[in-house]
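Sequential numbering of the sequence shown, starting at 407, is according to the numbering used here.
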Amino acid sequence: MENWQKDFWEMVQTLTDETERFFVGMTEMVDTFFDFTEEVSEQVQDALYANVAEVDQYLQDITEPLLNEVYWELDDLPVDGLDPAFPYSVDATSEKNPACVGCKHYHGYAYGGNLLVCGMHPTGCEDATCPDWQAGESYE
């Protein structure tokens, strides 16, 4: 009867040794995998940082003309529906501020929905002609 007990313990010992060898092998494989992924991620990061300036310049070259075009087209937008918190220009016309048409002092920007006509007459001249009117281009 002692023979099978000895064989059983040898089998348990062999199983234990093989299990330990398996986990040691798995640990080495996982360590190798982590080392490999760390090297790959460092290489990818180095490659990305090396090309950031090029990518930034490329994106700027693409977007700058588009943004400039959109910016200049904003002047063509009607004033209706715009947020009054942002300044917007208002042209002097024969209906609104007729005394200011062609005056070099005309400012014509609305701030918070309030039009600043010029420095001498912030709300505009009430007469048909302005005593401070001067021909020329504005100082905007």
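Every residue gets a Cβ at the ideal spot worked out from N, C-alpha and C, and that includes glycine.
- Counting along the chain, the unbroken beta strand (DSSP E) around Y515 starts and ends at Y515 to Y517.
- In the three-state DSSP reduction, A505 falls in the helix class (H, G or I).
- With 16 or more other Cβ atoms inside 10 Å of its own Cβ, N503 counts as buried.
- Contact check between the segment 493-507 and the segment 515-531: three or more CB pairs, one atom from each, fall below 8 Å, which counts as touching.
- Pairing D538 with G514 gives a Cβ-Cβ distance that is not under 8 Å.
- Annotation: L472 to T535 spans about 43 Å, alpha carbon to alpha carbon.
- In summary, V523 is buried, with 16 or more beta-carbon neighbours lying within 10 Å of its beta-carbon over all protein chains present.
- Residues of the same chain with a CB within less than 6 Å of the CB of H511, apart from the 5 flanking positions on each side, are C524 in chain order.
- Contact between Y494 and A516 holds, since their C-beta atoms are separated by about 6 Å, short of 8 Å.
- Positions of the alpha helix (DSSP H) runs, each at least 4 residues long and wholly inside the segment 414-452, cannot be given because no such run exists.
- Between the alpha carbons of S447 and V461 lies a distance of about 19 Å.
- Separation of E501 and L521 (C-alpha to C-alpha, rounded to the nearest whole angstrom) is 15 Å.
- In this structure, the alpha-carbon of M417 lies about 22 Å from that of M432.
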